[in-house]
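These notes concern the structure reproduced below.
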Amino acid sequence: MYFHIIASGSKGNATVVANRNSVLLIDMGITLTRLKEGLAEINLEVSDLEGALFTHNHTDHISGIKFLSPKIMYALEGTLPSSLSNVLTLNEPTKIGDFEVTPFRTSHDAHNSCGYLIKDGDESLVYMTDTGIFLTENIPLIKNPTYLIIESNHDIKMLLKTERTFELKNRIMSDFGHLCNEDSALAAISIIGDDTKEIVLAHLSEEANTAQLALLAYEKVFSHFRINKDKYVIRCAHQRQSISGGCLIDEN
Numbered sequence: 050m051y052f053h054i055i056a057s058g059s060k061g062n063a064t065v066v067a068n069r070n071s072v073l074l075i076d077m078g079i080t081l082t083r084l085k086e087g088l089a090e091i092n093l094e095v096s097d098l099e100g101a102l103f104t105h106n107h108t109d110h111i112s113g114i115k116f117l118s119p120k121i122m123y124a125l126e127g128t129l130p131s132s133l134s135n136v137l138t139l140n141e142p143t144k145i146g147d148f149e150v151t152p153f154r155t156s157h158d159a160h161n162s163c164g165y166l167i168k169d170g171d172e173s174l175v176y177m178t179d180t181g182i183f184l185t186e187n188i189p190l191i192k193n194p195t196y197l198i199i200e201s202n203h204d205i206k207m208l209l210k211t212e213r214t215f216e217l218k219n220r221i222m223s224d225f226g227h228l229c230n231e232d233s234a235l236a237a238i239s240i241i242g243d244d245t246k247e248i249v250l251a252h253l254s255e256e257a258n259t260a261q262l263a264l265l266a267y268e269k270v271f272s273h274f275r276i277n278k279d280k281y282v283i284r285c286a287h288q289r290q291s292i293s294g295g296c297l298i299d300e301n
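Per the numbering used here, residue 50 is the first one in the sequence shown, and the count goes up by one each step.
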């Protein structure tokens, strides 16, 4: 299993999860050109997509759905028009290609927002962005993934210094907004386990965060709880630059 985060942030999101036989897309909040370019980076095409999973219906996650076939779209009820998607059920696995996909609840100001647990044999990936708090009810389902892609949206001090409105700042910091760096690290500690190899910090705000601040927060929180962060590859996803992770073993 490997992943390729084409774009991550408030201006558009798209992540590919794939193995040798199957290719999934998580969210489509970018242009068709950007999607094609991102797929080409890992030698794939739009026609290779077997499923497109959607976390919620905010524009930065669904603006590009018109470029995808409704046959490959999957979402919880009410996320997309019923004519455009296959309806998933919360906490129930669905087979898409080689993958077993299970949506789980997140806390965001969008109808039926969710994250995804994606399994491929002994490997698994948890994708969780756009959530104001980490819902501990999900721990039994998503504990100990091989790969964790988790929101680390903002540095609180930096957010408060922005010129955003008071209402917007409160929304972002609310239980239905976005995870700050420290809360992201605390959530990650609850999710990771002995099998976890990589942690990617996603949906970083370009105005209220930096990769350096996010990684520093992780270092401080992990150190406080005496967790050796060097056991994991910890990186940040970007809005305009793609990153890859996971492993595709050549069996030939």
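Glycine included, each C-beta is placed from N, C-alpha and C at the ideal position.
Give the C-beta separation of residue i and residue j to the nearest angstrom, bearing in mind that I take them to be a contact with Cβ-Cβ under 8 Å.
i: phenylalanine 148; j: aspartate 169; result: 6 Å
i: glutamate 90; j: valine 72; result: Actually they do not touch by this definition, with Cβ atoms about 13 Å apart.
i: isoleucine 54; j: serine 291; result: 6 Å
i: methionine 307; j: leucine 133; result: For the chain, the structure presents residues 50 to 301; residue 307 sits outside this window and is missing.
What three-state label does DSSP hand residue i in the structure shown?
i: proline 194; result: coil
i: glycine 170; result: coil
i: threonine 185; result: helix
i: alanine 21; result: Nothing can be reported for residue 21, as the shown portion of the chain is limited to 50 through 301.
i: phenylalanine 103; result: coil
i: methionine 222; result: helix
i: proline 152; result: strand
i: glutamine 290; result: coil
i: isoleucine 121; result: helix
What are the boundary residues of the alpha helix (DSSP H) that includes residue i?
i: lysine 269; result: 260 to 273
i: leucine 209; result: 205 to 209
i: arginine 69; result: First-last for arginine 69: undefined, no H or E at that position.
Going by DSSP, what residue range makes up the beta strand (DSSP E) through residue i?
i: histidine 110; result: Not the beta strand (DSSP E): histidine 110 falls in the alpha helix (DSSP H), residues 108 to 111.
i: lysine 144; result: 143 to 145
i: asparagine 140; result: Note, asparagine 140: premise wrong, no beta strand (DSSP E); not H, not E.
i: glutamate 247; result: 247 to 251
When the distance is taken between beta carbons, is residue j closer than 8 Å to residue i?
i: leucine 174; j: methionine 77; result: no
i: asparagine 106; j: alanine 67; result: no
i: glycine 58; j: leucine 81; result: no
Given that a residue counts as buried once 16 or more other Cβ atoms are within 10 Å of its Cβ, and exposed if not, what is residue i?
i: threonine 214; result: exposed
i: histidine 273; result: exposed
i: proline 194; result: buried
i: aspartate 224; result: exposed
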